[in-house]
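Enquirer:
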Amino acid sequence: MATIGVDALVRLEGVALGYEGAVALRDVDLSIAPGELIGIVGPSGSGKTTLLRSLLGEPERYAGTATVAPDTRVGYVPQVETVDWNFPITVEQVAMLGSWRTRRWLPWTGRAERSRARDVLRQLGIADLADRPIRALSGGQQQRTFLARALVRAPDLLLMDEPTSGVDIKTRHEILHQLAALNSAGVTVVLTTHDLNGVASHLPRLIALGEQTVLADGPPSQVLQPEVLERAYGQPMLVVRSGRETYVLPVPEEAPGAHEDGPPGPDSFDVIGRSGRDDA
Ligand SMILES: Nc1ncnc2c1ncn2[C@@H]1O[C@H](COP(=O)(O)OP(=O)(O)OP(=O)(O)O)[C@@H](O)[C@H]1O
Ligand SMILES: [Mg+2]
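For the sequence shown, numbering that gives the first Met the number 0 begins at 0 and goes up steadily by one.
As structure tokens, this is what we get:
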């Protein structure tokens with residue numbers, strides 16, 4: 000990738016990306032400013048991982064220009080499905096892998112790297128797992144282990160591929176909280192997610208992929224629109240707002256009784272119940 004000296008951290012212009020000559024994404028125009036927090040959404044195979052990895056300069060680029068600001072340190076957290084969890088390595092060893100590109104490689108582990116890794120594990124609440132093999136981790140612990148690897152190098156730009164996939168609601172909340180804190184501390188964060196309701200709708204900026212390109216780019220109010228989502232997911236979608244929350248639901252195709260008055264609208268929803276404190 001070339002480098003740029005302008006205010007954008009990353010800029011893609013007219014980019015086409017793919018693998019072994021086959022285009023996966025085309026006509027991608029994208030500019031990321033320092034300090035942004037961005038979610039990439041779209042169905043499986045729409046190119047979320049491909050777009051994220053393009054910020055590492057990785058998939059093949061067939062057209063356009065991709066530029067990243069000079070001296071940008073990038074941290075990458077892979078999609079958990081792509082990791083070999085049987086690889087015999089501990090949580091702390093994974094974390095320390097994050098530092099190898101930032102120092103002159105030495106065949107032994109520097110004390111500074113080890114201490115840095117321990118600090119990051121502590122910050123993420125998994126210091127007690129340092130000596131645990133990665134095959135013996137829960138989904139949330141796996142995510143944090145690879146987040147630690149990315150954070151060890153103190154990235155300016157943090158790329159996370161589905162950081163909340165396969166974790167429960169509480170862990171999802173904790174991971175998002177940690178990402179928001181990093182973002183507040185000045186780290187630019189780009190993540191991918193399948194979770195439109197629990198994750199995407201809470202982010203300031205979304206990029207929706209579909210039809211092998213960027214279908215929409217902007218705040219959730221602009222991107223989480225039925226027309227955009229139907230193009231992306233290839234099926235009718237319903238978007239509901241309740242207070243400050245936005246919910247996206249697929250319109251059921253053959254739900255009994257659903258079509259007597261057309262597809263369900265907001266009036267079709269009944270609140271079944273609500274738990275929690277009254278003052279929450
Ligand atoms: N290593 C690869 N070699 C060849 N084709 C690939 C490779 N990785 C991805 N693709 C193809 O590129 C397209 C985009 O894939 P990508 O992994 O970016 O989708 P995604 O949106 O991340 O999907 P998911 O939600 O399942 O993770 C798909 O058609 C996929 O089959
Ligand atoms: Mg992916």
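Cβ coordinates follow ideal geometry from the N, Cα and C atoms, glycine included.
Measure the C-alpha to C-alpha separation of glycine 56 and arginine 10 and round it to an integer number of angstroms.
Expert: If you take the alpha carbons of glycine 56 and arginine 10, they lie about 12 Å apart.
Enquirer: Go through the residues and name those whose CB comes closer than 5 Å to any heavy atom of ligand 1, in chain order.
Expert: Qualifying residues come out as Tyr18, Ala23, Ser43, Gly44, Ser45, Gly46, Lys47, Thr48 and Thr49.
Enquirer: Judging by CA-CA distance, which residue of Ala231, Val250, Leu51 and Tyr232 is the nearest neighbour of valine 239?
Expert: It is Val250 whose Cα lies nearest to the Cα of valine 239.
Enquirer: What separation, rounded to the nearest whole angstrom, lies between the Cα atoms of phenylalanine 268 and serine 241?
Expert: When rounded, the distance between both Cα atoms is 11 Å.
Enquirer: Checking 8 Å against the spacing of the C-beta atoms, do leucine 54 and leucine 156 come in under that value?
Expert: Yes.
Enquirer: Give me the residue from Gly165, Val222 and Leu120 with the minimum Cα distance to arginine 152.
Expert: Per the Cα distances, Leu120.
Enquirer: Which of the three DSSP states, helix, strand or coil, is assigned to arginine 152?
Expert: Arginine 152 falls in the coil class under three-state DSSP.
Enquirer: How many Å lie between glycine 4 and threonine 66 at the Cα?
Expert: Unreliable placement is indicated for glycine 4, whose pLDDT of 47 sits below 50; no coordinate value is reported for it.
Enquirer: Return the chain-ordered ranges of every alpha helix (DSSP H) run that is complete within the segment 11-80 and spans a minimum of 4 residues.
Expert: DSSP runs (the alpha helix (DSSP H)) wholly in the segment 11-80: 47-53.
Enquirer: Out of Glu210, Gly217, Ser220 and Pro218, which one is the CA nearest neighbour of glycine 233?
Expert: Comparing Cα-Cα distances from glycine 233 to each of Glu210, Gly217, Ser220 and Pro218, the minimum goes to Glu210.
Enquirer: Under DSSP, the alpha helix (DSSP H) around threonine 170 begins and ends at which residues?
Expert: Where threonine 170 is concerned, the enclosing alpha helix (DSSP H) stretches over 168-183.
Enquirer: Compute the minimum distance between the beta carbon of glutamine 234 and the heavy atoms of ligand 2, and state whether it is under 7 Å.
Expert: Incorrect: glutamine 234 has no Cβ contact closer than 7 Å to ligand 2.
Enquirer: Indicate whether at least one CB of chain D lies closer than 8 Å to the CB of phenylalanine 145.
Expert: The question asks about chain D, but that chain is absent: this structure has only one protein chain.
Enquirer: What would DSSP say about arginine 273, mapped onto helix, strand or coil?
Expert: Note: arginine 273 maps to coil in three-state DSSP.
Enquirer: Rounding to the nearest angstrom, what Cα-Cα distance links tyrosine 18 and arginine 113 in this structure?
Expert: So the two alpha carbons sit approximately 37 Å from each other.
Enquirer: I need the boundaries of the beta strand (DSSP E) containing aspartate 216, first residue and last residue.
Expert: Run containing aspartate 216: 212-217, per the beta strand (DSSP E) assignment.
Enquirer: Between which two residues does the beta strand (DSSP E) harbouring glutamate 244 extend?
Expert: Counting along the chain, the beta strand (DSSP E) containing glutamate 244 begins and ends at 244-249.
Enquirer: Please report the straight-line C-alpha distance between leucine 150 and glutamate 161, rounded to a whole angstrom.
Expert: Their backbone Cα atoms lie some 16 Å apart in a straight line.
Enquirer: Cβ of aspartate 160 versus every heavy atom of ligand 2: is any distance shorter than 7 Å?
Expert: Yes, Cβ of aspartate 160 sits closer than 7 Å to a heavy atom of ligand 2.
Enquirer: According to the neighbour-count rule (16 or more other Cβ atoms, all chains shown, within 10 Å of its Cβ), is glycine 109 buried or exposed?
Expert: The residue is exposed, with fewer than 16 neighbouring Cβ atoms inside 10 Å.
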